[in-house]
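Under my numbering, the first residue of the sequence shown carries the number 34, and numbering increases by one thereafter.
By construction, the Cβ of each residue, glycine as well, lies at the ideal position given by its N, Cα and C atoms.
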Amino acid sequence: MTGRSGSWKLGTRSLRAGGARCLLIGLFVVFVLVPLYWVFITSIKPSSDYLTVPPVWFPAEPTIVHYTAALFSYRGLQGLMNSLIVASAATVLSAVMGTMMAYSLARFNTGGQHLAFWVLSQRFLPPVAIVLPIFLLFRGWGLYDTHFGLIIAYTFMTLPLSVWMMYAYFRQLPRSLEDAALVDGLSRWQAFWMVAVPLAAPGVAAAAVFVFIAVWTEFFFALILTSRYAFTLPTIFRAFLGFQGAQYGEACALATTSLVPSIFLGMLVQRHLVRGLTLGALRG
């Protein structure tokens, strides 16, 4: 009887655990996937199906007219290209500079523990407190409404995040491999690029994904520092709210288009991303 009772309790616990997992998956689908599906469906609905009751979940006559209008009539294609240029360049610069800074802080304790915290503290400043000085500098230096100016702004805006993430990751790497490389005749610079950086690839990938998403979705700096030529994708959404009402189809079409690069990047570095986030979070 005792054996049967124990087996029954174990089966009940397994059933409850399975039910809890199904409930969590269901909540995930409702709160994450359903809104994404609704945005996509709205982007291919005819305008007459936006506010119908009951709502249309499967449009009978899908259309791509909203994508055409968003990408061409509202200059969404130019904004998409500008965002790709700015986000890619800022991500590469932030990852390269952040890797070197994080390695220096982790291995040589450059500036002591206070310097690492000071680097992170730059993120504590609200953007509105620094955007006006940057705007005045860019106007004086001829960097206003240019790709280069926006890349510089985003690089230094995201650098503290990439430094802090990779600093925690470098502290988890064993020094013995770098010491062995130095004994074999490599210079400190060669040991860094040939040993430390490949080992830290998951951390670099995780930081790069976060930086790319931060730049890709940033609105405030792009709104203030650009005008007619270097505007990015997020700034176009304000054009969909006008005196004639909200352009739901065009807004959802542009939102769906803007998701593609982030999803593609996440899938590309998925193998490194999970390991980079887990190891980078374990300090001490």
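- By alpha-carbon distance to Ile74, the top candidate from Leu60, Val63, Ala93 and Val86 is Ala93.
- By the Cβ rule, the region 293-303 does not count as touching the region 148-166, because fewer than three pairs are nearer than 8 Å.
- Here Leu266 is buried, its C-beta having at least 16 other C-beta atoms within 10 Å.
- In this structure Ala229 is in contact with Glu211, their Cβ atoms being roughly 6 Å apart against a cut-off of 8 Å.
- When DSSP reads this structure, Ala279 sits in a beta bridge with Leu274.
- Contact check for Met227 against Gly131 fails: the beta carbons are separated by 9 Å or more.
- Within 10 angstroms of the beta-carbon of Val86 lie fewer than 16 other beta-carbons, which makes it exposed.
- For Asp212, the enclosing alpha helix (DSSP H) stretches over residues Ser209 to Val216.
- In this chain, the alpha helix (DSSP H) harbouring Tyr136 covers Gly109 to Phe141.
- Between the alpha carbons of Leu258 and Ile118 lies a distance of about 16 Å.
- Excluding sequence positions up to five before and after Leu206, its CB lies within less than 6 Å of the CB of Leu232, all in the same chain and listed in chain order.
- Here Ala120 has Phe245, Val248 and Trp249 as same chain residues with Cβ atoms under 7 Å from its own Cβ, once five neighbours each way along the sequence are excluded.
- Taking C-beta separations shorter than 6 Å and ignoring five residues to either side along the sequence, the partners of Ala135 in its chain run Val196, Met199, Tyr200 and Phe203, following chain order.
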